[in-house]
Amino acid sequence: MGDRSSRTAFGLNRRNLFHATAAAGIAVGIGACSDLEEGPDGTAAGTDELADLLPTYTPYEGGIEPDLPGQPDGTVTPGYLSRPAEPVQVITEAPMTTGEDITAITPLWNPTPPGLADNSYFQAVNEILGGTVEFNIADGNTYGDKITTILASGDVPDMFQIPGWEIIKLADFTEAANELFADLSPFLAGDKAADYPLLASYPTAAWAMGVFGGKLLGIPWERAPYTNAMFARQDILDELSVEHPTNLEELLAIAEEINDPSKNRWAFASIDQTIQEAMGVPTLWRNDDGKLVHKFETEEFAAAVEFTRQVFDKGLVHPDYVADRLTNAKEIIGSGQAVFYEDGLGAWHEMFATYRNVDGFDLQVMNPMAAEPGGTPTIWRDDPAGMFTFIKKDLSEERIKECLRVANWCSTPFGTVEADLVSDGVEGVHFTIDDEGVPQRTELGQTEVAPTYMFLSGRSNANNKFQYPGMVEALHAWETNAAPFLDDSPFQGLRVEMPSDLSAENEPMTEAHHEIYRGQREVADWTTLVDDWRTKVGDSAREYYTKVAEDNDRL
Amino acid sequence: MSNPKTATGRAVWDEKPTAAGQASKGVAIVVIALLILFPLYAVALTSLSSAETVNRVGGLVIWPGDGITFEAYEQMFRNKVVLRSLGVSLGITVVGTFISVVVSILGAYALSRPGSFGHRTILFSVLMMFVVFPGLIPVYLWISGLGLRDNYLSLILPMAVSAFNVVVLRAFFMNIPQELFDSARIDGAGEFRILWQIVAPLSKAVIAVVTLFYAVGYWNNWFNAFLFMDSTSKWPLALVLRTYVVESAPLPQTSGLETAPPTLAVKMAIVMVAIIPALIIYPFVQKHFKKGVIVGAVKG
Numbered sequence: 001m002g003d004r005s006s007r008t009a010f011g012l013n014r015r016n017l018f019h020a021t022a023a024a025g026i027a028v029g030i031g032a033c034s035d036l037e038e039g040p041d042g043t044a045a046g047t048d049e050l051a052d053l054l055p056t057y058t059p060y061e062g063g064i065e066p067d068l069p070g071q072p073d074g075t076v077t078p079g080y081l082s083r084p085a086e087p088v089q090v091i092t093e094a095p096m097t098t099g100e101d102i103t104a105i106t107p108l109w110n111p112t113p114p115g116l117a118d119n120s121y122f123q124a125v126n127e128i129l130g131g132t133v134e135f136n137i138a139d140g141n142t143y144g145d146k147i148t149t150i151l152a153s154g155d156v157p158d159m160f161q162i163p164g165w166e167i168i169k170l171a172d173f174t175e176a177a178n179e180l181f182a183d184l185s186p187f188l189a190g191d192k193a194a195d196y197p198l199l200a201s202y203p204t205a206a207w208a209m210g211v212f213g214g215k216l217l218g219i220p221w222e223r224a225p226y227t228n229a230m231f232a233r234q235d236i237l238d239e240l241s242v243e244h245p246t247n248l249e250e251l252l253a254i255a256e257e258i259n260d261p262s263k264n265r266w267a268f269a270s271i272d273q274t275i276q277e278a279m280g281v282p283t284l285w286r287n288d289d290g291k292l293v294h295k296f297e298t299e300e301f302a303a304a305v306e307f308t309r310q311v312f313d314k315g316l317v318h319p320d321y322v323a324d325r326l327t328n329a330k331e332i333i334g335s336g337q338a339v340f341y342e343d344g345l346g347a348w349h350e351m352f353a354t355y356r357n358v359d360g361f362d363l364q365v366m367n368p369m370a371a372e373p374g375g376t377p378t379i380w381r382d383d384p385a386g387m388f389t390f391i392k393k394d395l396s397e398e399r400i401k402e403c404l405r406v407a408n409w410c411s412t413p414f415g416t417v418e419a420d421l422v423s424d425g426v427e428g429v430h431f432t433i434d435d436e437g438v439p440q441r442t443e444l445g446q447t448e449v450a451p452t453y454m455f456l457s458g459r460s461n462a463n464n465k466f467q468y469p470g471m472v473e474a475l476h477a478w479e480t481n482a483a484p485f486l487d488d489s490p491f492q493g494l495r496v497e498m499p500s501d502l503s504a505e506n507e508p509m510t511e512a513h514h515e516i517y518r519g520q521r522e523v524a525d526w527t528t529l530v531d532d533w534r535t536k537v538g539d540s541a542r543e544y545y546t547k548v549a550e551d552n553d554r555l
Numbered sequence: 001m002s003n004p005k006t007a008t009g010r011a012v013w014d015e016k017p018t019a020a021g022q023a024s025k026g027v028a029i030v031v032i033a034l035l036i037l038f039p040l041y042a043v044a045l046t047s048l049s050s051a052e053t054v055n056r057v058g059g060l061v062i063w064p065g066d067g068i069t070f071e072a073y074e075q076m077f078r079n080k081v082v083l084r085s086l087g088v089s090l091g092i093t094v095v096g097t098f099i100s101v102v103v104s105i106l107g108a109y110a111l112s113r114p115g116s117f118g119h120r121t122i123l124f125s126v127l128m129m130f131v132v133f134p135g136l137i138p139v140y141l142w143i144s145g146l147g148l149r150d151n152y153l154s155l156i157l158p159m160a161v162s163a164f165n166v167v168v169l170r171a172f173f174m175n176i177p178q179e180l181f182d183s184a185r186i187d188g189a190g191e192f193r194i195l196w197q198i199v200a201p202l203s204k205a206v207i208a209v210v211t212l213f214y215a216v217g218y219w220n221n222w223f224n225a226f227l228f229m230d231s232t233s234k235w236p237l238a239l240v241l242r243t244y245v246v247e248s249a250p251l252p253q254t255s256g257l258e259t260a261p262p263t264l265a266v267k268m269a270i271v272m273v274a275i276i277p278a279l280i281i282y283p284f285v286q287k288h289f290k291k292g293v294i295v296g297a298v299k300g
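Chains as they are written, first to last, in UniProt numbering: chain X, 1 to 555; chain Y, 1 to 300.
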């Protein structure tokens, strides 16, 4: 009871009211600064029309050569099979020269590091930077609350990391960003970026995502385009002498073969998007002869729902996932209670890290599957940048340049001394190199090093988990196989903020088709659900997206 | 309407309970107790299990097959930030609770005396706090304006007075017989003497409950620290522990280095550390609950 009352008094009222007041708060904060028109229901910025604002793409030549070459468009990440014996130092001059501190707010998804005064990692990196970066670290899972409050107050730090997935939740972010953050085009557009060679090496599509309201405000962090893959417990498949399936028919047959609840083993710990991709469902919209069709409206989506229902009906899915689609499928896979599951590619090495002590644990990624032999899957395409660093607007020109130099320094790629400092700290203090050439954190490194400097910029992706035998090669091969099937979205290269009413309907629709999987609704209900969705938000969303596409000559 | 009677002429609740009735009550109590205790048991056992056991089981451990280990607790407390935050939390809880209880008692006592200065207006303002909250952003601007960002006071001031607790205290104070106040005044006691020597001793029950409410509120609160405390060295335990419990984001790393995310055992150890203070304090305060809250709430 005490707990309840205390929550009522201190917590729940505030949190509930927060959501109601946050948007208004931002509007108030902005309104105080200038006269602005009310924000649109969504915004879009196209690469084509913004080319003049962006840095000229210049590949960076100062790093180490990858063992497995990548693709400049980011569809295949360069692979590194080992750590260079001597990492190269690519920036010799300290980037901070004004003598003033840089304040920064960054998210954290790791255990809390000690503050600056007690943290030798911060002190060491700051010394090399030539000044002090003072971090205000905030819990990444509630980072949206922090961003909203800071933006509304107008009291932004010199450098502010804001993830794209938080930006799309913020009404009027573009207006707020234009009021509070510096326009970087005067410093970076075209050949001016030559002063910041690492920033100039980001793909143009990633930079285009950093344009808000016609101005280049955000330094992007490049993101690989893949959102989903299916993984298999290879050790279990090997034990059962089963090969990877190459299409959905084979997947279903193999799943039935290996599924054995009496042995506490199910085929799937999670299954949903892989089937949709195999069926050819688009990432979000598809251009059907000049008309935009949302993925929910496609025949392929209906077919995927029907197929997945079969998988559930046959009892091939772990009961925890049947009961709750948000269950932790990783734990089910880790304990060997299921063989297949789907996740982001980034989860692969994390699973090895988590289950490194499980005897024989082997997880492998499965090649993209089509619905039928010889068919073509659609691999969903993610935005080319996922996170952005903003620089405070009212800083002097010299201070903005200083922040850009810091961002440039923090952007150094794998294999450089600077990248080691950003990620792991000082060799011999915060990490050591083991006999296999793999960096390992020291005890000090484990408590003091936290992802912070890396959020002051973006950087090129690197496929470098060479400590897990075969992973670099397998990931490189997977991306090479998957790249041709990447969804040819009509909005590729455009940053489109999803209208809030459309995003609000995503969750109910997702829940609805999962209810069909679980047998709580009939497969035939999907048509009605889509009709309702279309009336509610689908048609107006189509209108909005059609205008965006037409404005950018995509339709 | 007359009371339901049995053949013996007695009300049903005067009858001797049947064996079946007693047994079913017993079963119900045991089931309810298990529903409460089992999750706690699973959390405690998981926190005392090795990472290997947790991985093998694939979730919470409910059978102590592989023995117990304090590995998770050691891993958690190895981070000196955790120990430091424990001190911050204890300090904030003790100081904050003291301030809150004193201010609430003073406020509630003044509001319980009819005719006190600005009585109706202040009482109305307090009651308005039930339905109107200034919102996060004004509070943030207020704290920033006072220059209290990164200051421990920012963890205390925004939650120093709870309208609910003031109303509960006031209701309890108003229930104290007027004759006691009158006789004290005849003996020459002023308001402060009456409050500390008569009202407070008679209100131990409700004060204990309100103290608990405040203490648990301060102990559990992480959100104010999340907003106002820039330096991790000043974070309270609840915020530091959150960073262990939340899922790691799959960030692209620039080196080949890999550190394992906190295991489920560590997460459950954190849950235990967070609830242990409440588990310790509750049994001692529970006896006051009925009197403290129900009397205060109903007779107001």
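The beta-carbon is built from N, C-alpha and C at its ideal position, and this holds for glycine as well.
query                                                                                                                                                                       : result
Short check: CB of Ser125/Y to CB of Phe173/Y, under 8 Å?                                                                                                                   : no
Compare the C-beta of Ala205/Y with all C-beta atoms of chain X and state if any pair is closer than 8 Å.                                                                   : no
Which residues, taken in chain order from the segment 51-78 of chain Y, show a beta carbon closer than 8 Å to some beta carbon of chain X?                                  : Ala51, Glu52, Asn55, Arg56, Val57, Gly58, Gly59, Arg78
Please classify Gly217/Y as buried or exposed, where buried requires at least 16 other C-beta atoms within 10 Å of its C-beta.                                              : buried
Distance cutoff 8 Å, beta carbons only. Does Lys287/Y sit that close to anything in chain X?                                                                                : no
Taking DSSP as the reference, what is the three-state secondary structure of Thr546/X?                                                                                      : helix
Nearest-angstrom Cα distance between Thr527/X and Ala338/X?                                                                                                                 : 32 Å
Between the segment 353-369 of chain X and chain Y, which residues of the former have CB atoms less than 8 Å from a CB of the latter, in chain order?                       : Ala353, Thr354, Tyr355, Arg356, Asn357, Val358
Does the beta carbon of Thr243/Y come closer than 8 Å to any beta carbon on chain X?                                                                                        : yes
Excluding the five sequence neighbours on either side, which residues of its own chain have a C-beta within less than 6 Å of the C-beta of Ala206/X, listed in chain order? : Pro220, Glu222, Pro384, Ala385
Under 8 Å by Cβ, that's how I've got Ala117/X and Ser233/Y pegged, so tell me the actual separation to the nearest angstrom.                                                : 7 Å
So which residues of chain X does Leu233/Y contact, with C-beta pairs closer than 7 Å?                                                                                      : One point to set straight first is that residue 233/Y is Ser, not Leu, in the sequence displayed. Simply Pro114, Gly115, Ala117, Asp118.
Just by C-beta distance, which residues in the segment 138-161 of chain Y are closer than 7 Å to chain X?                                                                   : Tyr140, Leu141, Ser144, Met159
Let me see if you follow: with CB-CB separation under 8 Å, is Glu331/X close to chain Y or not?                                                                             : yes
Ignore the nearest five residues each way along the sequence and tell me which others in Ala138/X's own chain have a CB closer than 8 Å to its CB.                          : Ile105, Thr106, Pro107, Leu108, Lys146
Does Leu129/X get closer than 8 Å to chain Y when you measure Cβ to Cβ?                                                                                                     : no
Based on the DSSP output, what are the partners of His294/X in its beta bridges?                                                                                            : Trp285/X
Quick check on the DSSP output: what are the complete alpha helix (DSSP H) runs of length 4 or more inside the segment 209-246 of chain X, in order along the chain?        : 234-239
Name the DSSP bridge partner or partners of Asn136/X?                                                                                                                       : Ile105/X
Among Leu60/Y, Gly26/Y, Ile186/Y, which has the Cα closest to the Cα of Phe38/Y?                                                                                            : Leu60/Y
What does Asp139/X reach in chain Y if we use C-beta pairs closer than 9 Å?                                                                                                 : Trp222, Phe226, Leu239, Arg242, Thr243, Val246
Check Tyr41/Y in the structure and name its three-state DSSP category.                                                                                                      : helix
Using beta carbons (cut-off 8 Å, strictly below), is Leu326/X in contact with chain Y?                                                                                      : no
When burial is assigned at 16 or more other CB atoms within 10 Å of the CB, is Ser241/X buried or exposed?                                                                  : exposed
Tell me whether Pro277/Y counts as near the ligand GDP, meaning its Cβ is closer than 7 Å to at least one heavy atom of that ligand.                                        : Looking for the ligand GDP in the displayed structure turns up nothing, as the structure carries no ligands at all.
Report the CB separation of Gly415/X from Val88/X in whole angstroms; it is logged as a contact under 8 Å.                                                                  : 7 Å
I want to see whether chain Y comes within less than 8 Å of Ser153/X, judged by CB atoms only; does it?                                                                     : yes
Residues of chain Y with CB closer than 8 Å to the CB of Gly334/X, please, in chain order.                                                                                  : Asn55, Gly58
Who are the Cβ neighbours of Pro308/X in its own chain at under 6 Å, not counting the five residues just before and after it?                                               : Here residue 308/X is Thr; the residue named in the question, Pro, does not match the sequence. So the list reads Ile275, Tyr517, once near-sequence residues are dropped.
Since Lys80/Y meets chain X, which of its residues come closer than 8 Å, beta carbon to beta carbon?                                                                        : Pro114, Asp118, Thr447
Suppose the cutoff is 7 Å on Cβ atoms and the five residues either side in sequence are ignored; what does the same chain contact list for Tyr251/X look like?              : In the sequence as presented, Tyr is not what sits at residue 251/X; that position holds Leu. Same-chain partners within the cutoff: Pro245, Met369.
Assuming the contact rule is C-beta atoms closer than 8 Å, Asn165/Y and Ser104/Y should be a hit. Round their C-beta distance to whole Å, please.                           : 5 Å
Less than 8 Å between CB atoms is the rule here; does Ser255/Y satisfy it with respect to chain X?                                                                          : With a pLDDT of only 46 at Ser255/Y, under the threshold of 50, the placement of this residue in the model should not be trusted, and no figure is reported.
Using 8 Å as the limit for Cβ to Cβ distance, is Gln89/X near chain Y?                                                                                                      : no
Please report the straight-line C-alpha distance between Ile156/Y and Met128/Y, rounded to a whole angstrom.                                                                : 21 Å
Can the beta-carbon of Asn228/X be found less than 8 Å from the beta-carbon of Glu300/X?                                                                                    : no
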